[in-house]
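Position 228 of the sequence shown, counted from 1, bears residue number 240 in this note's numbering, the numbering being contiguous throughout.
Positions of the beta carbon are idealized from the N, C-alpha and C atoms, including for glycine.
The structure presented is a predicted model; accordingly, all values stated were derived computationally and were not measured.
The structure appears below as structure tokens.
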Amino acid sequence: MAQNTVDQRIGIFGGTFNPLHTGHINAIATVRNRLGLDTIVVVPAARNPKKLPVEGPTNEQRLEMLRIGLADMDFVQIDDLELKRGGPSYSIDTLEEYAKRVKADDLYFIIGLDQFEIFDTWKDYERILQIANLVVCSRPGHQLPFSADELPEGVKKHVAAFDRSYVQLESGRGIDFVRLQDVDVSASEVRKRLRSGRSVDRHLTIPVEEYIRGAQLYGPLKDRIGDYEEFTKFCGDKLNARKAINVRGFDLRKIEAPTEFTLIASGTSTRHAQSLAESVVREVKEEYGVLPQSVEGMSEGRWVLVDYGALIVHVFYDYVRQEYRLEDLWKPARVLELPAAPAT
Ligand code: ATP
């Protein structure tokens with residue numbers, strides 16, 4: 013933890029950093045300049061409680077990427093307290109630690125706009141709003157709030173005054189909105205690009221990219237999965253066993269598509285869709301020893317996308333599936349015969 017910080021203004025920036033990318037670095041540098049913070053402490057999470065685990069580097073390798081990628085920012089410190097704590101990482105636990113030595117006025121918790129939109133689902137978010145100020149960075153694809161009405165419900169009720177770049181909270185704390193020079197990068201996109209051999213010049217700094225290549229991180233999953241048609245059937249079978257609705261598999265190799273195989277299925281509720289995705293991830297890990305390279309949409313459960321490289325599994329809440337009609341895109345593709353669903 014940062015030492016002798018009592019008279020310093022400290023920003024805490026948490027994340028999975030799998031890997032550290034230019035979007036993170038841009039956020040750190042801009043927030044530091046705009047708010048004139050003395051120190052920004054970067055805190056890698058052991059496990060994000062809102063995300064399913066994905067294939068990737070060890071904790072030590074993620075830490076090393078932070079050390080390498082942030083080496084020339086002398087106002088940055090890296091704190092591995094969440095890695096040491098292990099288990100799901102809750103920001104409140106980390107902030108409580110810092111609150112012991114940093115006054116609430118001087119403690120700033122930095123998050124991206126995607127996280128702010130679901131901030132009122134975080135553990136003890138109201139306590140966070142008492143012990144720290146929030147700094148929310150813009151992120152491509154997400155709109156900064158125009159009025160207090162557009163704030164997350166749980167935050168709205170604590171607002172004393174709103175203007176477009178600052179919210180005064182009744183607790184005495186505030187929320188700063190920082191508009192970044194947008195860097196449209198996400199860690200999941202970086203992982204995908206690395207696995208498929210595409211350029212990451214815009215996404216990573218040179219030292220981090222060199223480290224990744226040297227340590228051979230984010231290689232393709234193909235070697236470990238082997239026959240993807242069999243693998244697709246395996247996943248389809250697991251979805252059926254969990255009572256997924258209308259599980260269908262397609263071989264997309266002869267049509268224009270971003271992947272070779274795809275599975276589509278739905279659940280009767282968003283919770284069912286989430287648990288279907290969870291069980292595929294768990295059973296694949298058990299059988300193949302492989303985690304997906306990314307999982308999207310898990311927090312909402314409307315459309316969860318589990319990406320195994322040459323296989324993408326789409327698990328919908330059934331109502332949302334009807335809206336998107338993805339299967340129409342795959343009409344020309346070969347339909348895979350999946351093991352029959354168990355009788356209900
Ligand atoms: P993933 O794609 O795996 O979900 P991520 O790119 O969001 O990962 P995290 O390590 O989870 O990376 O993000 C840490 C913090 O950085 C979060 O608060 C997130 O909102 C913020 N952040 C990530 N990328 C950007 C970006 N391009 N611009 C602004 N903020 C970002």
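Proximity to residue i [Cα-Cα], best of the options
i, options, result
"G415", "R44, L264, T28 and Q155", "Nothing about residue 415 can be read from this structure; the chain reaches only from 13 to 356."
"N45", "P304, P152 and G23", "G23"
"Y240", "D330, K62, F273 and H326", "F273"
"T106", "P100, R113, V114 and E94", "E94"
"T51", "D19, L181 and R207", "D19"
"F262", "K250, A256 and I276", "I276"
"I187", "G301, L47 and V197", "L47"
"M310", "V66, H36, V53 and D92", "V66"
"I37", "A199, K266 and E299", "A199"
"D91", "A57, P219, R283 and V195", "A57"
"K96", "L75, L156 and F87", "L75"
"V195", "P152, A352 and F243", "P152"
"V318", "A353, T244, Y331 and N252", "T244"
"Y329", "T282, R21 and L146", "T282"
"V332", "A353, D118, K135 and I257", "I257"
"E312", "V55, R21 and L64", "L64"
"E109", "V55, K255 and G279", "V55"
Nearest-angstrom Cβ-Cβ length linking residue i and residue j, presumed shorter than 8 Å
i, j, result
"F25", "I122", "4 Å"
"D213", "G166", "Not quite, the Cβ-Cβ distance comes to about 40 Å (not below 8 Å), so this is no contact."
Residue i, DSSP secondary structure in three states
i, result
"A173", "strand"
"I80", "helix"
"E67", "coil"
"A14", "A caution first: A14 carries a pLDDT of 49, below 50, which makes its placement in the model unreliable, though a value can still be read off. Reduced to three states, the DSSP call for A14 is coil."
"W315", "strand"
"E349", "coil"
"T28", "coil"
"Q73", "helix"
"L119", "strand"
"I130", "coil"
"V114", "coil"
"A200", "Looking at the sequence provided, one finds Ser at residue 200 rather than Ala. The answer is helix: DSSP assigns S200 an H, G or I state."
"S211", "coil"
"I143", "helix"
"L338", "helix"
"S183", "coil"
Beta-bridge pairing of residue i - partner residues as DSSP gives them
i, result
"Q89", "V53"
"C149", "G124 and V190"
"T274", "F262 and I324"
"G279", "Y329"
"G23", "I52 and Y120"
Beta-carbon proximity of residue i to residue j, cut-off 8 Å
i, j, result
"A144", "A173", "no"
"G68", "T217", "no"
"N60", "S103", "no"
"T42", "V190", "yes"
"Q73", "L229", "yes"
"K204", "Q89", "no"
"A289", "V316", "yes"
"L141", "S177", "no"
"V307", "C247", "no"
"L233", "Y320", "yes"
"S150", "L125", "yes"
"L323", "D249", "no"
"V171", "L181", "yes"
"I224", "P344", "no"
"D118", "R21", "yes"
Heavy atom of the ligand SAM within 7 Å of residue i beta-carbon
i, result
"I267", "As for the ligand SAM, it is missing from this structure, which binds only the ligand ATP."
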